[in-house]
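Worksheet: the structure to be examined is printed underneath.
Protein chains in written order, with our numbering: chain A, 1 to 254; chain B, 1001 to 1243.
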């Protein structure tokens, strides 16, 4: 069963635990950087300060996305390379059921990981900034959006990694594809200026997650998408990834 | 009972198997023979629903295997002894498979005992010898106490004691009324174990008859001679001059 696979292979749990530890530490560092930014701001600009920006945002999160994507990809490519997938499908020939269970277990594990990182990072940021007497608005729609989007970023990346792994079936090539989608495309296409390149960049997870984590009164530049558009892209990625895994695994020869 | 009807599988331009029709009956050990590349493994995969046929059908117990929720209870299969995760113990591998089919934990202990793996069960499967992996694969096949068993080259890597054990096991499973379908290259073993033979050459059925009748095709009455004569024209890979 997919759950047993994760339990009897401790490396997955170890990877996710390390991910939580690293990102809680980065949140502490990010909060201190945020305070430095606030200190260097002219007084009249301080009302525009986004208190979450120091922690939620920036390329450091791309590494977490790659790790989550790789964990998801390995649940598929690992079984392809060892041949375990044949044993699994011979035992449970109802393949769509197996694929859906794999998606469910992976998404659940990464949602828990994402929730711990999101809530922990938020709490650390708040503790650091309030120790410097900077008040952060607690609660509210923007905070809920920030926490939900960060939590969901992890299962999204894992399912996208699974979908790529299901189609490509080879671990190194899948990791390259993950890096192209999660890192290269949002950065390279954002700096180009035509409409379709900006739209493409906005449709990438890093871009719409960044948009959803904005909590202050930022001056958005460079064709940033609307919040509803960002949510739509997030849901579309989750759904498309699961559909690809379940349908392709359902018919392809193994 | 395994029933194969007009089964064809093409990979691009290559016909792996072509228009195969045969039945594998319960209560007998049916040997599945053919030179390398004749399509034996592809046929077993088609029966198990791992590959989708280009045309034709294959059923196990009257039902298409693909789509069943509890495959281990309908058919047990050893396809490739390497189809395991090397980081997992033999016990964890079998317990995961058992749980996927709603089988109780004591079945894992039973098949480990039956295959002689009890003392190695907690070791990582990656440390197993080829012979031990074969035993683990056979343990997995027996897990669901299925009426149909398929073994692809089960003798690979086994020591003489293991070979004798397999021979006894196959005879016993057939005597219990199960359908036992075994591919092998070892003619001497098949001569001792099989009741019936199905022979492929270049993806096509070239013989389907009782072992005794098949062996009688050769003047010497020897199974190996009969096999070599029959497959001489349909062997895809042959070393120079070895006719």
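Glycine is no exception: its CB is placed at the ideal position from the N, C-alpha and C atoms.
These numbers come from a predicted model, not from an experiment.
- For residue 1151 of chain B and residue 183 of chain A, the rounded distance between their alpha carbons: Each residue's Cα considered, the two are about 46 Å apart.
- Task: Taking only beta-carbon positions, decide if residue 1218 of chain B is within less than 7 Å of chain A.
- Result: No, residue 1218 of chain B does not count as interfacial toward chain A.
- Item | Residues, ordered as in the chain, of the stretch 71-95 of chain A that lie near chain B by beta-carbon distance below 9 Å | Going along the stretch 71-95 of chain A in chain order, one finds 78, 79, 82, 83, 84, 85, 86, 87, 88, 89, 90, 91, 92, 93, 94, 95 with a Cβ nearer than 9 Å to chain B.
- Would you call residue 25 of chain A buried or exposed, if buried means 16 or more other Cβ atoms sit within 10 Å of its Cβ? With fewer than 16 Cβ atoms within 10 Å of its Cβ, residue 25 of chain A is classed as exposed.
- Spatial neighbours of residue 1060 of chain B within its chain, please: CB distance less than 7 Å, with the 5 preceding and 5 following residues excluded, ordered by chain position. Excluding residues within five positions, the ones whose Cβ falls inside 7 Å are 1002, 1047, 1074, 1075, 1148.
- Euclidean distance between Cα positions of residue 1064 of chain B and residue 1124 of chain B: A direct Cα-Cα distance of roughly 34 Å separates residue 1064 of chain B from residue 1124 of chain B.
- Contact between the stretch 174-193 of chain A and the stretch 80-98 of chain A: three or more CB pairs below 8 Å? Because the criterion of three Cβ pairs below 8 Å is not met, the stretch 174-193 of chain A and the stretch 80-98 of chain A do not touch.
- Message: Whole angstroms are fine: how far does the CA of residue 231 of chain A sit from the CA of residue 1244 of chain B?
- Response: Any question about residue 1244 of chain B goes unanswered here, given that chain B covers just 1001 to 1243.
- Task: Check residue 1109 of chain B in the structure and name its three-state DSSP category.
- Result: For residue 1109 of chain B, the secondary structure class from DSSP, reduced to helix, strand or coil, is helix.
- Hey, how far is the Cα of residue 1099 of chain B from the Cα of residue 203 of chain A? Residue 1099 of chain B and residue 203 of chain A: Cα-Cα distance of roughly 40 Å.
- Using CA coordinates, which residue listed in A:133, A:90, A:120, A:73 is at the minimum distance from residue 245 of chain A? When only C-alpha atoms are compared, the closest one is A:73.
- Query: Would you say residue 65 of chain A and residue 157 of chain A are within 7 Å of each other, going by their C-beta atoms?
  - Reply: Remark: C-beta atoms of residue 65 of chain A and residue 157 of chain A approach each other more closely than 7 Å.
- Message: On the DSSP bridge list, what partners appear for residue 1032 of chain B?
- Response: Residue 1032 of chain B is bridged to B:1183, B:1198.
- Item | Expected contact under 8 Å - CB spacing of residue 82 of chain A and residue 1084 of chain B to nearest Å | Confirmed, Cβ separation roughly 7 Å.
- Item | Contacts of residue 1051 of chain B in chain A (Cβ-Cβ under 7 Å) | By Cβ distance, chain A contributes 253.
- If you draw a straight line from the C-alpha of residue 1127 of chain B to the C-alpha of residue 1110 of chain B, how long is it? Distance between the alpha carbons of residue 1127 of chain B and residue 1110 of chain B is about 22 Å.
- Message: Would residue 1058 of chain B pass as an interface residue toward chain A - the criterion being a Cβ-Cβ separation below 7 Å?
- Response: Answer no: the Cβ-Cβ gap between residue 1058 of chain B and chain A never drops below 7 Å.
- Query: For the candidate residues B:1174, B:1045, B:1133, B:1143, whose alpha-carbon lies nearest to that of residue 1154 of chain B?
  - Reply: Among B:1174, B:1045, B:1133, B:1143, the Cα nearest to that of residue 1154 of chain B belongs to B:1133.
- Task: For residue 12 of chain A, return the contacting residues in chain B, with the cut-off set at a CB-CB distance below 8 Å.
- Result: Annotation: residue 12 of chain A has no Cβ neighbours in chain B at a cutoff of 8 Å; minimum Cβ distance is about 10 Å.
- Task: Thinking residue 1043 of chain B and residue 1079 of chain B are a contact (beta carbons under 8 Å), I'd like their distance in whole angstroms, please.
- Result: In this structure residue 1043 of chain B does not touch residue 1079 of chain B by the C-beta definition: roughly 11 Å separates them, more than the 8 Å allowed.
- Buried versus exposed call for residue 1241 of chain B [16 or more other C-beta atoms within 10 Å across all chains shown]: At residue 1241 of chain B the pLDDT is 46, less than 50, meaning the model places this residue with poor confidence; the figure from the coordinates comes in the next sentence. Exposed.
- Minimum Cβ-Cβ distance from residue 1010 of chain B to chain A less than 7 Å: Chain A, which has no Cβ nearer than 7 Å to the Cβ of residue 1010 of chain B, makes this no.
- Message: So, under 8 Å CB-CB, residue 1170 of chain B and residue 1163 of chain B are touching, yes? Tell me the CB distance rounded to an integer number of Å.
- Response: Not quite, the Cβ-Cβ distance comes to about 11 Å (not below 8 Å), so this is no contact.
- Message: For residue 17 of chain A and residue 110 of chain A, I'd like the C-alpha separation in whole angstroms.
- Response: Taking the CA atoms as reference points, residue 17 of chain A sits about 11 Å from residue 110 of chain A.
- For residue 1024 of chain B, which residues does DSSP report across the bridge? DSSP, once it has assigned bridges, lists B:1002 as partnering residue 1024 of chain B.
- Query: How would you label residue 45 of chain A, buried or exposed, when you count the other beta carbons within 10 angstroms and need 16 or more for buried?
  - Reply: Around the Cβ of residue 45 of chain A, a 10 Å sphere holds fewer than 16 other Cβ atoms; the residue is exposed.
- Mind checking if residue 1061 of chain B is an interface residue toward chain A, Cβ cutoff 7 Å exclusive? So, not an interface residue.
- C-alpha gap between residue 1037 of chain B and residue 1016 of chain B, whole angstroms: Going by the C-alpha atoms only, they are around 8 Å apart.
- Message: Strictly under 7 Å for the Cβ-Cβ distance: is residue 1006 of chain B near chain A by that measure?
- Response: With 7 Å as the cut-off, residue 1006 of chain B does not count as an interface residue toward chain A.
- 7 Å Cβ cutoff met for residue 215 of chain A and residue 52 of chain A: Closer than 7 Å, so yes.
- Neighbour list for residue 1066 of chain B in chain A, Cβ cutoff strictly below 7 Å: In chain order: 93.
- Query: In whole angstroms, what separates the C-alpha of residue 1118 of chain B from that of residue 1135 of chain B?
  - Reply: Taking the straight line from one Cα to the other gives about 11 Å.
- Query: Which residues does DSSP pair with residue 1152 of chain B in a beta bridge?
  - Reply: Its beta-bridge partners are B:1183.
- Taking C-beta to C-beta, are residue 1177 of chain B and residue 1027 of chain B nearer than 7 Å? Yes, Cβ-Cβ distance for residue 1177 of chain B and residue 1027 of chain B is below 7 Å.
- Which residues in chain A sit within 7 Å of residue 1112 of chain B, going by Cβ to Cβ distance? Taking the beta carbon of residue 1112 of chain B as reference, no residue of chain A falls within 7 Å; the closest one sits roughly 16 Å away.
- Message: With DSSP as the reference, identify every bridge partner of residue 1207 of chain B, one or two as the case may be.
- Response: Under the DSSP definition of a beta bridge, residue 1207 of chain B partners with B:1199.
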